[in-house]
Amino acid sequence: MRWSGLALSFVLLSIFLVPDAQAQDNWPGKPFRLVVAYPAGGGLDLVARAVADPLSEILKQPVVVENRGGASGSIGANFVAKAAPDGYTLLMASPAEVVVGPAAGQKTPYHPERDFVPVALAGETPLAIVVHSGIPADSLQGFIALAKSNPGKWNYGTPGAGSTMHFAGESFKAATGVVMEHTPYRGAAPAVNDVLGQHISMVIVGMPPIVPHVNAGRLKALAVTTIQRSPTLPNAPAVAELPGMQDFRFTNWMGVFAPAHTPPTIVERLGREIAKVVADPAVRAKLAAAGVVAEGLYGKEFEVFLRAERQRYQRIAKEQGIRFAE
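In the working numbering, each number is its position in the sequence shown, counted from 1, plus 20.
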């Protein structure tokens, strides 16, 4: 039996496509991994765990949160980037892994745009500028004056080099003239632990890991980095309230990403279900208690959001000459 080139091509194409189509028809057919590229206890971890259980109920498969910290989030992100594009391995990312670090020249073993497809924006939180309760400053202006009176003594911690928090810290230094050394950590939780132990002067992190300590009086929130105050910490002013700082705005958001080439039908289904989860009043209340605003953007809306974030951080990096060498 002789085959024409066209017929042979059709047979070979069918061999490759039919199993893939069958896999999508049976999807979801096994547990999911939701990777957080930082240790447990931080804001990303909190949001991932708040989303995982109700998403498991909707998809009828376990959604297991897996912490893979290190290298400012690039270890966990690279693990997902190299995973099979079948929708079962997902990344709960912060801006650091996919937007902010690359905008300031950080090298990663993956390409933040080519190697991922955006699924859904789960939540967003202001950053908090926080010091130990023993620091003799009760306002951001007071801390600035204190730091300027003792140059070279101060440092600030963040969840990692190339993070939104690192970007906010360097922008704060440039705008105020305060001299502080940056101390990067492998996540928000260890940075908060070190400011609690007074090993560092200040920490800049998202709201979830510091709210309990501020409410208990162990830490002082000097400011938040949104244009307006946060209802979670209403007594903490916005940095934008300071003269000349009205455009100071940095937030930490939590977005779900899949490996590039994940089938669009699976990406759309996941985005729709995650949006449904974060729209649930119980989930929204849980997130709000930790200072996280539930979002639920997916599809084109999330893509537009990401494009605007990339352009904004690239502009700030260029205007302020921010380059991260770590």
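The beta-carbon is built from N, C-alpha and C at its ideal position, and this holds for glycine as well. Model, not experiment: these values are computed from the prediction.
Between the Cα of Leu239 and the Cα atoms of Ser250, Val259, Val212, which residue gives the shortest distance?
The residue you call residue 239 lines up with position 219 of the sequence shown. Out of Ser250, Val259, Val212, Val212 has the C-alpha closest to the C-alpha of Leu239.
Would Val312 pass as a contact of Leu111 if the rule is Cβ separation under 8 Å?
As a working mapping, residue 312 is identified with position 292 in the sequence shown. As a working mapping, residue 111 is identified with position 91 in the sequence shown. In terms of Cβ geometry, Val312 and Leu111 do not form a close pair [threshold 8 Å].
Among Pro146, Lys80, Leu64, Pro48, which one has its Cα closest to the Cα of Gln248?
Position 228 of the sequence shown, counted from the start, is the residue given in the question as residue 248. Taking only the C-alpha atoms, the option nearest Gln248 is Pro146.
List the residues that DSSP assigns as beta-bridge partners of Arg53.
The residue given as residue 53 occupies position 33 in the sequence shown. Looking at the DSSP assignment, Arg53 forms a beta bridge with Val84, Thr109.
The beta strand (DSSP E) that contains Phe270, what's its start and end?
By one-based count along the sequence shown, residue 270 stands at place 250. Careful: Phe270 lies outside any beta strand (DSSP E) and carries neither H nor E.
Just the C-alpha distance for Tyr176 and Pro251, rounded to the nearest angstrom, thanks.
Position 156 of the sequence shown, counted from the first residue, corresponds to residue 176. Position 231 of the sequence shown, counted from the first residue, corresponds to residue 251. Cα to Cα, the separation comes out at about 25 Å.
I need the boundaries of the beta strand (DSSP E) containing Asn175, first residue and last residue.
Along the sequence shown, one-based indexing puts residue 175 at 155. 175-178 is the extent of the beta strand (DSSP E) around Asn175.
Tell me whether Tyr318 sits in a helix, a strand or coil according to DSSP, three-state version.
By one-based count along the sequence shown, residue 318 stands at place 298. Note: Tyr318 maps to strand in three-state DSSP.
I'd like to know whether the C-beta atoms of Ser183 and Ser76 end up nearer to each other than 8 Å.
Counting from one through the sequence shown, the residue named residue 183 turns up at place 163. Counting from one through the sequence shown, the residue named residue 76 turns up at place 56. Not in contact: Ser183 and Ser76 (Cβ atoms no closer than 8 Å).
Quick check: what's the CA-CA separation for Leu268 versus Thr246?
Here residue 268 refers to the residue found at position 248 when the sequence shown is read from its first residue. Here residue 246 refers to the residue found at position 226 when the sequence shown is read from its first residue. According to the sequence as given, residue 268 is Phe; it is not Leu. Cα to Cα, the separation comes out at about 7 Å.
Which value, in whole angstroms, describes the spacing of the CA atoms of Gly341 and Gln266?
Your numbering for residue 341 matches position 321 in the sequence shown. Your numbering for residue 266 matches position 246 in the sequence shown. Approximately 20 Å between the Cα atoms of the pair.
Could you tell me which residues DSSP pairs with Leu147 in its beta bridges?
Mapped onto the sequence shown, residue 147 falls at position 127. Looking at the DSSP assignment, Leu147 forms a beta bridge with Gly226.
For a cutoff of 8 Å on Cβ pairs, would you count Thr282 as touching chain B?
Looking at the structure shown, chain B is missing, and only one protein chain is on hand.
Rank Ala280, Gly291, Leu317, Gln161 by C-alpha distance to the C-alpha of Glu133 and give the top, closest one.
Along the sequence shown, read from residue 1 onward, the residue named residue 133 stands at position 113. When each option's Cα is compared against that of Glu133, the closest is Ala280.
Per DSSP, Thr203 is paired with what?
Reading the sequence shown from its first residue, position 183 is the one you call residue 203. Partner(s): Gly177.
For Gln126, count neighbouring C-beta atoms within 10 Å of its own C-beta (all shown protein chains included) and say buried if the count is 16 or more, exposed if not.
To locate residue 126, count along the sequence shown from 1; it is residue 106. Buried.
Compute the distance between the beta-carbons of Ala208 and Val225, then report whether it is under 8 Å.
Sequence index remark: in the sequence shown, residue 208 carries index 188 (1-based). Sequence index remark: in the sequence shown, residue 225 carries index 205 (1-based). Closer than 8 Å, so yes.
Under three-state DSSP, which class holds Val118?
Taking the sequence shown and counting its residues from 1, the one referred to as residue 118 is at position 98. Helix at Val118.
How should Gly217 be labelled, buried or exposed, when 16 other C-beta atoms within 10 angstroms of its C-beta is the threshold for buried?
As a first step, residue 217 must be located in the sequence shown, where it is residue number 197. Exposed, by the Cβ-count rule.
Rounded to a whole number of angstroms, what is the C-alpha to C-alpha distance between Val100 and Pro156?
To locate residue 100, count along the sequence shown from 1; it is residue 80. To locate residue 156, count along the sequence shown from 1; it is residue 136. Each residue's alpha carbon lies about 44 Å from the other.
Which residue from Pro105, Asp106, Gly62, Pro263 puts its Cα closest to that of Val85?
What you label residue 85 is simply residue 65 of the sequence shown in a count that begins at 1. That would be Gly62, whose Cα lies nearest to the Cα of Val85.
Counting Cβ pairs closer than 8 Å, one from the stretch 50-64 and one from the stretch 190-209, do we hit at least three?
Counting C-beta pairs closer than 8 Å gives three or more between the stretch 50-64 and the stretch 190-209, which meets the contact rule.
Based on DSSP bridge pairs, tell me the residues matched to Met274.
To locate residue 274, count along the sequence shown from 1; it is residue 254. Answer by DSSP bridge pairing, in chain order: Gly143.
Excluding five sequence neighbours on each side, which residues of the same chain lie with their C-beta closer than 8 Å to the C-beta of Thr282?
To locate residue 282, count along the sequence shown from 1; it is residue 262. So the list reads Pro105, Asp106, Gly107, Val137, once near-sequence residues are dropped.
Out of Ala72, Gln81, Trp273, Asn46, which has the shortest C-alpha to C-alpha gap to Val118?
As a working mapping, residue 118 is identified with position 98 in the sequence shown. Comparing Cα-Cα distances from Val118 to each of Ala72, Gln81, Trp273, Asn46, the minimum goes to Trp273.
For the beta strand (DSSP E) that contains Leu75, what are its first and last residues?
Counting from one through the sequence shown, the residue named residue 75 turns up at place 55. Segment 63-79 is the alpha helix (DSSP H) holding Leu75; no beta strand (DSSP E) there.
Who pairs with Ala243 in a beta bridge, going by DSSP?
Taking the first residue of the sequence shown as 1, we reach residue 243 at position 223. According to DSSP, Ala243 bridges with Ile149.
Alpha carbon to alpha carbon, how far is Glu329 from Thr178?
Within the sequence shown, the letter at position 309 stands for residue 329. Within the sequence shown, the letter at position 158 stands for residue 178. Rounded to the nearest whole angstrom, the C-alpha separation of Glu329 and Thr178 is 20 Å.
Could you have a look at Ala103 and say whether DSSP puts it in helix, strand or coil?
Translated into the one-based positions of the sequence shown, residue 103 becomes position 83. Three-state DSSP puts Ala103 in coil, outside helix and strand.
By the 10 Å Cβ neighbour count, where 16 or more other Cβ atoms means buried, how is Asp73 classified, buried or exposed?
Locating residue 73 in the sequence shown gives position 53, counting from the first residue. Looking at its Cβ environment, which holds fewer than 16 other Cβ atoms inside 10 Å, Asp73 is exposed.
Using C-beta distances below 6 Å, list every residue in its chain close to Gly121, excluding the 5 sequence neighbours before and after it, in chain order.
As a first step, residue 121 is located in the sequence shown; it is residue number 101 there, counting from the start. Excluding sequence neighbours, Gly121 sits near Gly182.
What is the DSSP secondary structure of Pro138, counted as helix, strand or coil?
The residue you call residue 138 lines up with position 118 of the sequence shown. Three-state result, Pro138: strand.
Taking DSSP as the reference, what is the three-state secondary structure of Val324?
Start at 1 with the first residue of the sequence shown, and residue 324 comes out as number 304. Three-state DSSP puts Val324 in a helix.
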